[in-house]
Amino acid sequence: MGSYRQQPGAPSSEVRKDGKRVAGKQVFPPPGSGGSEPQMRPRDLDFIPETVGGKEAKPAGDHIHDRDRTGTVVGKPIPLVDSNAKVTGQAWYGDDVRLPGELIGKILRSPHHYARIKSIDTSRVEALPGVIAVSTGQDAPNRFGVLPVTKDEHAMAVEKVRHVGDLVACVAAVDEATAIEALSLFDIEWEELEPVFDPKKGLEDHDEPIHWRGKYHLARTNVQKRVFQEFGDRSLVKTPHASSHGSWTMMGVHHGFTEPHAVVAHWDPNGRLQLYTPQQVPHYTHRALSTVLDVPMHQINVIRTFVGGGFGGKSDPFPHEMCAALLARKAGRPVRITFDREEVYWINRGRHPSHIDVKMTADDSGRISGFDIDALIDGGGFASFGHVTSYYNGVLATAPYELGSFHYTGARVWTNKPASGAMRGHGAVNTRCAVEVGLDEMAESMNVDPIDLRLANLLPPHSRTISGFRITSNGMREALERVREGSQWDKKFRQLPLGKGIGIGCGFFISGSGLPIHWDPKNFPHATVHIQVDMDGGVTVHTGAADIGQGSTTAVAQVVAEVLALPIEMIHVRSHESDTSPVDLGSYSSRVTFMNANAAIRAAIGIRDQLLKAAWDMLGYHPNVLVLNDRRIYYKHDPAIGVSYLEALHKAQADTGALIARGAYRSPPMGGVHKGAAAGLAPAYSFSAYVAEVDVDVETGLVSCTNVWAAHDCGKALNPLAVKGQIIGSCHMGLGQVLTEKMVYGRTGHLQNANLLEYKIPSVHEMPHVEAIIVESSDPEGPFGAKEAGEGPLLPILPAVVNAVYDAIGVRLRNLPLTPDVVYAGIEKHVKQNGLEDAEAIEPPRLKHGPLQSVLVARSDEHRERDRLRQRSEDTSAYVNGVLFGFDPDRPLAEQVDGWREADEPLPEQLAELGFAGRAWLKKEQRHMGGDD
Amino acid sequence: MLMPPFELHHPSTVDEAVELAASLMAKNEAFDWVAGGTDVLPNYKWRINPKPHVISLAGIEEAHALSSRELGCMVPLSSLTTENDVHPLLVQAASKVASSLIRKSATVGGNLCLDTRCFWYNQSEDWRRSIDWCHKADCGTGADCRVIPNQNTLCVATYQGDLAPNFMVLDASVVLIGPEGERTMPLVDFYELDGMKKNVLKTGEFLLKVVLPEEAAQRKGCYQKLRVRDSWDFPEAGVAASWVPGNASSLMVASTALESIPRLHTEQVEEHLTAGDLDPLALAKIVQKSVKPVNNTALPPRYRRAMVKTLTKRALLDILE
Ligand SMILES: Cc1cc2nc3c(=O)[nH]c(=O)nc-3n(C[C@H](O)[C@H](O)[C@H](O)COP(=O)(O)OP(=O)(O)OC[C@H]3O[C@@H](n4cnc5c(N)ncnc54)[C@H](O)[C@@H]3O)c2cc1C
Ligand code: SF4
């Protein structure tokens, strides 16, 4: 099969005797026929699942989308569809947008950590020739914020500035030099206030809390959010067989994306705002602009430019976006604002500096009886995503292990520093590191291999976590087994010479937040995609999914191409403008491929069904026996009986014109009913396991990571090239956090290293060899089985490196990053404590298996079979966290155990023993103190 | 970031350059020399002491001279290669400066005349305003030093050039030229405290070239650089050592990135050698004791000081091999 012309019967061009075509007489291939490739390519059976007659292995069983596979592009490594624009320098990023008559906007920033603005006099600014518009906080008193529950930002300071670099005012001038000069002409009277830098101090009462939440304010503290979560039977932890306890300090890190923030605002002749911005979440910016500018959303068009990296750092609506719009409105001309790198650090939204305490216990059969986590996170000056981060720091540690009990206290405090926010692996990274290192330590005290400890305590596929998350596909076991084998773990762990080490770490992450922030999921879908096919056969896909470099546009194009069996060049994704794209929540929580591609598949099926119906009319064969393959539709048993894609299309269009279809995705109802139950809920979860190898120079403390075996369960790799890119990129980013990156606030509270020389992102020299291993567990609800691969792969690298450093030098380090001075100090202390002559005399740790080892191995062997049956849906019985401890999954756990608790507030008797962050529960809200409105 | 405006001058001979400097001085106009610009121009963009005039040394042919014994100030670091007959120690040291891209512009002269660095100082104007400036760039406020406060006279910014200690242990001299004429001196004498003064250059004077003695070719050397990343990063500590193999009395050790000027550790080496045989660890400890880094670079001073011992030991072991 294979030599069917796309346009049977099309006349050939008129040719001269010398073989050349006659000018004006050549027949161009009809549009949509495939142009230079007129013959149909044979079906690529290697990429059609065995469950529907192809040759692609499906070890995890069949999938509802198997029937929609055509072997066209899904599963094949292809370059991202926008890569040509990028490698030729033609992609238009924020600062590339140049509108005629543009003005340059500059922002005046606070020189104070915390101060009240008593007055601003702009008269000297306005008098400067070349200044066209000036704006201050008074022009935009409406508050905004990425989460509707915590709107605490203004376009510019209205009453107070909250950190050095906070926005005070802005100007638009004819050129940059004038704008810069204008900034020195503001006359401002300040009243300096007592700043808070240490998050521990943030838990205490303060004369002037950084924000005031009225009756919900917690006493007079700077606590923005406190969380308490307790599940399971806490009596299990009273007499542990083994335990570990680690207190961590993790410094804040920044996304370090290449492109600084930039925005262009322009009020068009009809008075509509056109705003160009490299946003991950254009829709929230859209909403915030509407609120701040007092303009209805339909009078604003948010145009997402190409995004030069986001990683969570471009997902808040930003004050400078408001500034540009305000200035442009005043000036009546377009205004462009581009940040210097320092301003990028001042707007921040990076990972929270954190103090994390993790205690864990195990019983005498090596089951994990409890996790006890306390996380105090430093939010900086604004709430941003912090409400969610406060939950994630705890609840995202409730898997992949089966737990006897879980206890979490968290608090996020405001401090006078640039605001922390969401960053790749949002909220999960730091706790995950502490948990995974805790497991390593506990395994050591049990004399067992830490990988076997993990393998014997995994939740199976299709189960429920202790906090009520619904786990579907689960490739954790395979990931662990593959990195164990790939790294030759059993020959290396605890056997390498001093200075060389190997370590393990796992990860667990959401594949799309189950709860849309802005609306009720019962009413509206999470994602919507529109498809339109006109007479030329080209397919235009409208989606609001923001491609931030992660390849969401490619993923959407791929799934549409797959369903319609069209070359990917025929799919055109339009996602830049809010005017034309259906509302999408944006690129965060690793939701885009899962939700958008699902919506796109549904829309594509809508188009396909119209084409098949037309083909049915033409051929007389029912769609059930028709095959779609490379621009042709034909009868399953006789490929000669068929029509070209274009013929079917034109037939389908006969009465209607362009074909259109829409698809939407909504996650199923899930989760518990306790306060905070929605945090961390996702329609699917990703799992990963990494093994890292390090060299530690014991005389200098310099750590270099040499090799990483990185296995990630992404459900199904729609594009293995993109998945590998995400894995390798995640390794790089996570290595930065664990080894060198930190936002340094000096003794005066100033950010000391707001530049790319002193904020030390690893260079190519620091990159290890990364062996990316893709695990495919075929998620039942994921598009073609896919789950996320953008954030989860970052989690395991941190603990894997920290554990490897321990393996190399026998010193537990819990201050991140592990810069050489930190490692050296640890070594020095160890040498002194053990009375050694010098660092060379350190004996690296060794492992002699204890009696528990064989118990764990036996259990994990048993569980391997359990998991296989559950993964393939051969065993569909219920499984909830607790079965390992002997509970009946079909009866409520509370009925079976006396001490079973599912609590979101501490009991009075618990108050005395809460961890650091937990102390926020000692304070009362104003409304319970009889205070404030 | 916007470059502040300045007038750029392009003299094509040494005389022209000196005359230009003299005429600007006569008019009381401030100026800076620029070579590769990889240090001075980023500082300008941060508005750290920008001047209205900048004189480029790039057009001066003499400044590009390169042989085994003479290195003109304009020679780019990427030309310090064995193919160009450059001393292996200098090749090694140059290859560790900044990044391969920067080394194409960065020059020998600029490296030796590098401005001292400090995290209270290498910051934007907005940033420095937020700490109310500091002594080295006080913008007329009389601000104090932020590293060692309450003294108001001294800047302790750190010299973080890589080449200087290496030239020192090769016993190099520098040729300076200015309106008052030409002078040659050992590189050791070129540097002068404090972090603002940096060196003996008088206004209008520039460093024309570096000259190595004939004996340098016999020296075996090693440079040990401490940095967090193997690219870009300035040294957090650096130790160079060299000797004529077999001749202990020829041993020289120099350090950089620890104080406001690089140092040749003549006294420490002498002290050690008069006490007995050459013992790398013992000498390393003496060198370590003699340096006093302060807290104004990426890594804490206590650690940098501790590392001086390791770096010195490693450099010595390497050359003694
Ligand atoms: C990201 C980055 C990383 C860096 N890392 C390193 C590093 O690891 N190690 C290191 O040593 N340096 C480093 N540097 C600094 C710098 O690039 C080098 O020191 C370089 O050699 C300076 O040479 P230049 O020609 O560019 O100097 P310029 O910037 O042109 O000049 C530097 C200073 O010397 C003066 N000057 C220049 N030539 C003369 C002369 N002939 N006579 C008198 N005065 C003169 C200038 O007026 C100026 O004050 C780094 C710079 C950057 C931007
Ligand atoms: S050492 Fe002191 S005076 Fe010198 S730059 Fe640093 S803070 Fe300023």
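So the protein sequences, as listed, match chains A and B.
The letter at position 86 of the first sequence is residue 86 when you use the working numbering, and the numbering goes up by one with no holes.
Throughout, the working numbering is defined as the position within the second sequence, counted from one, plus 933.
Cβ atoms here follow ideal geometry from the backbone N, Cα and C, with glycine treated the same way.
Val592 (chain A) Cβ short of 7 Å to ligand 1 heavy atom set: Residue numbering aside, residue 592 (chain A) sits at position 592 when the first sequence is read from its first letter. No, ligand 1 has no heavy atom inside 7 Å of this Cβ.
Bounding residues of the beta strand (DSSP E) (the contiguous stretch that carries Ser290 (chain A)): Here residue 290 (chain A) is taken as the residue at index 290 of the first sequence, counted from 1. Run containing Ser290 (chain A): none in the beta strand (DSSP E); it sits in the alpha helix (DSSP H), 282-293.
Per DSSP, which residues does Val168 (chain A) bridge with? Please list them. Walking along the first sequence from the start, residue 168 (chain A) turns up at place 168. Partner(s): none; Val168 (chain A) has no beta bridge.
Which of helix, strand or coil does DSSP assign to Pro8 (chain A)? Numbered from 1 along the first sequence, position 8 holds the residue referred to as residue 8 (chain A). Legend: pLDDT at Pro8 (chain A) = 43, less than 50; position of this residue unreliable, no value from coordinates given.
Neighbour flag for Lys760 (chain A) against chain B, beta carbons, 8 Å: On the first sequence, position 760 is the one that residue 760 (chain A) refers to. Yes, Lys760 (chain A) counts as interfacial toward chain B.
Under a CB-based cut-off of 8 Å, is Thr706 (chain A) close to chain B? In the first sequence, the residue the question calls residue 706 (chain A) occupies position 706. So no, Thr706 (chain A) is outside the interface.
Look at the Cβ atom of Val146 (chain A), then the Cβ atom of Ser390 (chain A), and state whether they are nearer than 8 Å. As a first step, residue 146 (chain A) must be located in the first sequence, where it is residue number 146. As a first step, residue 390 (chain A) must be located in the first sequence, where it is residue number 390. No.
Using CA atoms only, rank isn't needed, just tell me which of B:Glu1169, B:Leu1206, B:Lys1069, B:Ser1182 is closest to Glu1192 (chain B). Here residue 1192 (chain B) refers to the residue found at position 259 when the second sequence is read from its first residue. Among B:Glu1169, B:Leu1206, B:Lys1069, B:Ser1182, the Cα nearest to that of Glu1192 (chain B) belongs to B:Glu1169.
Is there contact between the stretch 1042-1049 of chain B and the stretch 952-971 of chain B, where contact requires at least three CB pairs shorter than 8 Å? yes
Name, going along the chain, the residues of the stretch 330-346 of chain A whose beta-carbon falls closer than 7 Å to a beta-carbon of chain B. Asp340, Glu342
Chain E within 8 Å of Thr1243 (chain B), Cβ atoms only: In the structure shown, chain E cannot be found, because the protein chains are A and B.
Give the residues of chain A in contact with Ile1064 (chain B), contact being defined as C-beta atoms less than 7 Å apart. Within the second sequence, numbered from 1, the residue matching residue 1064 (chain B) stands at position 131. Thr748, His750, listed in chain order.
Grab the span of the beta strand (DSSP E) containing Arg162 (chain A) for me, first residue to last. For the purposes of this step, residue 162 (chain A) is taken as the residue at position 162 of the first sequence. Segment: none, Arg162 (chain A) is in no beta strand (DSSP E) and carries neither H nor E.
Leu498 (chain A) CB to nearest chain B CB: under 8 Å? As a first step, residue 498 (chain A) is located in the first sequence; it is residue number 498 there, counting from the start. No, its Cβ sits nowhere closer than 8 Å to a Cβ of chain B.
Classify Glu102 (chain A) as helix, strand or coil using the three-state DSSP reduction. The residue given as residue 102 (chain A) occupies position 102 in the first sequence. Coil at Glu102 (chain A), not helix or strand.
Does the beta carbon of Ser290 (chain A) sit closer than 8 Å to a beta carbon anywhere in chain B? On the first sequence, residue 290 (chain A) is found 290 positions in, with the first residue counted as 1. No, Ser290 (chain A) does not count as interfacial toward chain B.
Does any C-beta atom of chain B lie closer than 8 Å to the C-beta of Asp890 (chain A)? In the first sequence, residue 890 (chain A) corresponds to position 890, counting from 1. No - not a single Cβ of chain B is within 8 Å of the one on Asp890 (chain A).
Is Ile1035 (chain B) a contact residue of ligand 1, with contact defined as CB to any heavy atom under 7 Å? Here residue 1035 (chain B) refers to the residue found at position 102 of the second sequence. Checking the Cβ of Ile1035 (chain B) against ligand 1 gives yes.
Could you work out which residues of chain B lie near His387 (chain A), taking near to mean beta carbons separated by less than 7 Å? Sequence index remark: in the first sequence, residue 387 (chain A) carries index 387 (1-based). What His387 (chain A) touches in chain B: nothing, since even the nearest Cβ is about 29 Å away.
Cβ of Val708 (chain A) within 8 Å of Cβ of Glu791 (chain A)? For the purposes of this step, residue 708 (chain A) is taken as the residue at position 708 of the first sequence. For the purposes of this step, residue 791 (chain A) is taken as the residue at position 791 of the first sequence. Cβ distance not < 8 Å, so Val708 (chain A) and Glu791 (chain A) don't count as in contact.
Helix, strand or coil for Ala375 (chain A), going by three-state DSSP, please let me know. On the first sequence, residue 375 (chain A) is found 375 positions in, with the first residue counted as 1. The answer is strand: DSSP assigns Ala375 (chain A) an E or B state.
Examine ligand 1 and report whether any of its heavy atoms sits within less than 7 Å of the Cβ of Asn1044 (chain B). As a position in the second sequence, residue 1044 (chain B) is number 111, starting the count at 1. Checking the Cβ of Asn1044 (chain B) against ligand 1 gives yes.
For Gln940 (chain A), collect the residues of the same chain with a Cβ closer than 7 Å to its Cβ; drop the 5 residues on either side in sequence, then sort them by chain order. Outside the modelled stretch of chain A, which goes from 1 to 933, sits residue 940 (chain A), for which no answer is possible.
Residues of the stretch 1147-1166 of chain B with a CB closer than 8 Å to any CB of chain A: list them in chain order, please. Leu1159, Val1161, Arg1162, Asp1163, Ser1164, Trp1165, Asp1166
Can you list every residue whose CB sits closer than 6 Å to some heavy atom of ligand 2, going in chain order? B:Cys1051, B:Trp1053, B:Tyr1054, B:Cys1067, B:His1068, B:Lys1069, B:Cys1078, B:Arg1079, B:Val1080, B:Cys1088, B:Val1089, B:Ala1090, B:Gly1128, B:Asn1229
Any C-beta of chain B under 8 Å from that of Asp95 (chain A): Locating residue 95 (chain A) in the first sequence gives position 95, where the first residue counts as 1. No, its Cβ sits nowhere closer than 8 Å to a Cβ of chain B.
Could you give the C-beta distance for Ile502 (chain A) and Ser487 (chain A), rounded to a whole number, given that I count them as a contact under 8 Å? Looking up residue 502 (chain A) in the first sequence gives position 502. Looking up residue 487 (chain A) in the first sequence gives position 487. Confirmed, about 7 Å.
Select from the stretch 61-73 of chain A all residues with a C-beta closer than 8 Å to any C-beta belonging to chain B, and list them in chain order. none
Inter-residue spacing [alpha-carbon to alpha-carbon] between Pro29 (chain A) and Leu564 (chain A): In the first sequence, the residue the question calls residue 29 (chain A) occupies position 29. In the first sequence, the residue the question calls residue 564 (chain A) occupies position 564. Below a pLDDT of 50, predicted positions are generally treated as unreliable, and Pro29 (chain A), at 49, falls in that range; no measurement from the model is reported.
Taking C-beta pairs closer than 9 Å, name the residues in chain B that Tyr114 (chain A) reaches, listed in chain order. Here residue 114 (chain A) refers to the residue found at position 114 of the first sequence. Going along chain B, no residue has its Cβ under 9 Å from Tyr114 (chain A), so there is no contact; the nearest lies around 12 Å.
I need the straight-line Cα distance from Pro31 (chain A) to Gln532 (chain A), nearest angstrom please. Along the first sequence, read from residue 1 onward, the residue named residue 31 (chain A) stands at position 31. Along the first sequence, read from residue 1 onward, the residue named residue 532 (chain A) stands at position 532. Summary for Pro31 (chain A): the model assigns pLDDT 48, below 50, so the residue's position carries little reliability; its value from the coordinates is reported in the next sentence. Whole-angstrom Cα-Cα distance: 16 Å.
I need the DSSP call for Ala140 (chain A), collapsed to helix, strand or coil. On the first sequence, position 140 is the one that residue 140 (chain A) refers to. In the structure shown, Ala140 (chain A) sits in coil (DSSP, three-state: anything other than H, G, I, E or B).
Using the beta-carbon count (16 or more within 10 Å), is Lys923 (chain A) buried or exposed? Within the first sequence, numbered from 1, the residue matching residue 923 (chain A) stands at position 923. That one is buried.
When the Cα atoms are used, what is the spatial distance from Asp1104 (chain B) to Ala1149 (chain B)? Translated into the one-based positions of the second sequence, residue 1104 (chain B) becomes position 171. Translated into the one-based positions of the second sequence, residue 1149 (chain B) becomes position 216. Between Asp1104 (chain B) and Ala1149 (chain B), the C-alpha separation is close to 7 Å.
Nearest-angstrom Cα distance between Ala262 (chain A) and Glu758 (chain A)? Here residue 262 (chain A) corresponds to residue number 262 of the first sequence, with the count starting at 1. Here residue 758 (chain A) corresponds to residue number 758 of the first sequence, with the count starting at 1. In a straight line, the C-alpha of Ala262 (chain A) is about 23 Å away from that of Glu758 (chain A).
Just to confirm, does Val973 (chain B) get its C-beta within under 7 Å of one of the non-hydrogen atoms of ligand 1? Within the second sequence, residue 973 (chain B) is the residue found at index 40, counting from 1. Yes, ligand 1 has a heavy atom inside 7 Å of this Cβ.
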